[in-house]
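Taking it in order: structure first as structure tokens, then the write-up.
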Amino acid sequence: MKKRSIVAVAIAALAIAVASSSLFVVEQGQVAVVFALGKVRLVLVQPGLYAKWPAPLENVMRLEKRGLILRSDDAERYTTSAQRELVLGWSLRWHIADPTQFVRSFGGSMSRAESQLHDTVKSALGAQVAAHPLAALLGPGEGAVRNAVLERVAAAVHDRGIALDGFELSRVDLAADQTQAVYARMGAERRDAADQLRAQGKAEAQAIRGRADKQRSDLLAQAYARAQRIEGEGDAKAAAVDAASFGQDPGFAAFYRSMAAYRATFNQRSDLLVLDPSSAFLRYMRDPDAKKPSASH
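Residues in the sequence shown are numbered consecutively from 1, following our numbering.
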């Protein structure tokens with residue numbers, strides 16, 4: 001009896017071992033590759049409970065079906081076309097598109113796949129950075145650089161069961177040993193630009209003042225010329241009126257002119273004039289009745 005019990009227990013244990021080795025579960029987000037004597041026999045992409053031949057006849061390898069992210073190492077350095085050292089950070093989104101090809105290429109090893117992806121990204125990114133200035137990585141040109149890297153990496157791994165979903169730059173910095181020199185150069189460039197703007201502003205201000213002064217001088221000259229013309233026209237009209245009036249009475253004309261001369265000569269009480277008493281200038285002072293104007297005036 002004891003022997004039979006032992007045999008029964010052994011058979012049961014063997015059956016359990018065979019059953020546990022034959023049944024396996026595929027979890028959500030996984031893909032299972034079933035190998036038969038080292039060759040891929042079956043790829044399972046749906047979650048559930050499955051059966052296979054016990055090992056070593058058949059073995060199962062589980063792989064991630066979901067998207068994966070590979071990130072750069074810290075402080076990866078690259079050199080631009082202007083020989084500037086940059087520290088870049090990046091991330092690559094990828095997934096296993098063909099489990100069979102992935103297993104054949106990397107033996108199903110995620111670490112081997114990530115190592116090759118990392119080296120390929122570094123090589124592609126280094127080539128792009130070396131072909132562009134720093135501005136291309138900071139402005140609108142960054143998209144072209146990222147796309148070029150993505151295309152080059154995709155071409156390198158497309159036959160290895162890997163598909164790429166995206167590539168981003170997470171960090172773009174100057175190397176610490178170059179930052180101060182760049183800041184100093186930027187400061188000098190800004191000071192030069194400010195000096196140039198100030199010089200341009202000063203020149204424009206001087207030009208504006210010059211134009212304003214010229215316009216002022218032109219306006220004053222025009223106003224003076226007009227005033228002189230108007231004054232001349234007034235004098236001419238007055239002279240014409242005087243001539244017409246004096247022509248009617250020459251005696252009054254002589255008297256009027258003499259009075260005007262007296263008024264102009266003796267304008268101030270302190271005015272002193274030394275003349276010969278017989279001077280014609282004093283005619284009306286010597287003889288007030290001489291050639292008086294007619295009563296009509």
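All residues carry an ideal CB built from backbone N, CA and C; glycine is no exception.
Keep in mind that this is a model prediction, so the values were computed, not measured.
Residue closest to residue i, alpha-carbon to alpha-carbon, out of the options
i              : options                          : result
glutamate 142  : Val153, Ala155 and Gln128        : Gln128
alanine 131    : Ser91, Lys52, Thr79 and Ser111   : Thr79
leucine 164    : Asn147, Arg185, Asp213 and Trp53 : Asn147
glutamine 28   : Lys237, Gly48, Ser22 and Val87   : Gly48
alanine 176    : Ile230, Gly161, Ala75 and Leu138 : Ala75
leucine 117    : Gly161, Ala207 and Asp218        : Gly161
arginine 104   : Val40, Gln46 and Gly210          : Val40
methionine 61  : Asp73, Leu44 and Ile69           : Leu44
lysine 65      : Gly38, Lys237 and Gly108         : Gly108
methionine 110 : Arg216, Gln83, Gln228 and Ile69  : Ile69
glutamate 168  : His158, Glu151 and Asp159        : Glu151
tyrosine 50    : Asp73, Val26, Ser72 and His158   : Val26
Neighbourhood of residue i by C-beta, 6 Å cutoff - its chain only, sequence neighbours within 5 removed
i                : result
alanine 15       : Any reading at alanine 15 needs caution, since the residue's pLDDT is 49, under 50, leaving its predicted position unreliable; the model's value is listed next. For alanine 15, where only same-chain residues beyond five positions count, there are no Cβ hits under 6 Å.
phenylalanine 35 : Asn59
alanine 295      : Residue confidence is low: alanine 295 scores 43 on pLDDT, short of 50, so the model does not pin down where it sits. Its coordinate-derived value is still stated next. Cβ within range, chain order: n/a, list empty.
alanine 113      : Phe106
leucine 63       : Val31, Ile96 and Pro99
alanine 156      : Thr120
arginine 185     : none
Where residue i falls: helix, strand or coil (DSSP)
i             : result
glutamate 27  : coil
histidine 95  : strand
lysine 39     : strand
glycine 234   : helix
aspartate 173 : strand
alanine 194   : helix
glycine 166   : strand
leucine 70    : strand
alanine 15    : Below a pLDDT of 50, predicted positions are generally treated as unreliable, and alanine 15, at 49, falls in that range; the measurement from the model is reported next regardless. In the structure shown, alanine 15 sits in a helix (DSSP, three-state: H, G or I).
glycine 89    : strand
glycine 108   : coil
arginine 77   : strand
alanine 55    : coil
arginine 84   : coil
leucine 134   : coil
8 Å contact criterion, which residue i and residue j should meet: CB distance rounded
i           : j           : result
valine 31   : proline 99  : 5 Å
valine 87   : leucine 138 : That belief does not hold up - the Cβ atoms of valine 87 and leucine 138 are roughly 14 Å apart, past 8 Å.
alanine 136 : valine 149  : About 12 Å separates the two Cβ atoms, so there is no contact after all.
Chain-order list of residues whose beta-carbon lies under 7 Å from that of residue i (same chain, five-residue window excluded)
i           : result
leucine 42  : Val34
serine 170  : Gly89, Trp90 and Ser91
alanine 154 : Leu164
lysine 52   : Ser22, Phe24, Val34, Glu58 and Val60
Close-in-space but distant-in-sequence residues of the same chain around residue i (CB under 8 Å, 5 per side omitted)
i            : result
glycine 67   : Arg93, Trp94, His95 and Asp165
glutamate 85 : Arg77, Tyr78, Thr79, Leu174, Ala175, Asp177 and Gln178
Taking contact to mean 3 or more Cβ pairs, one atom from each stretch, closer than 8 Å, check whether the stretch 108-124 and the stretch 198-205 are in contact. no
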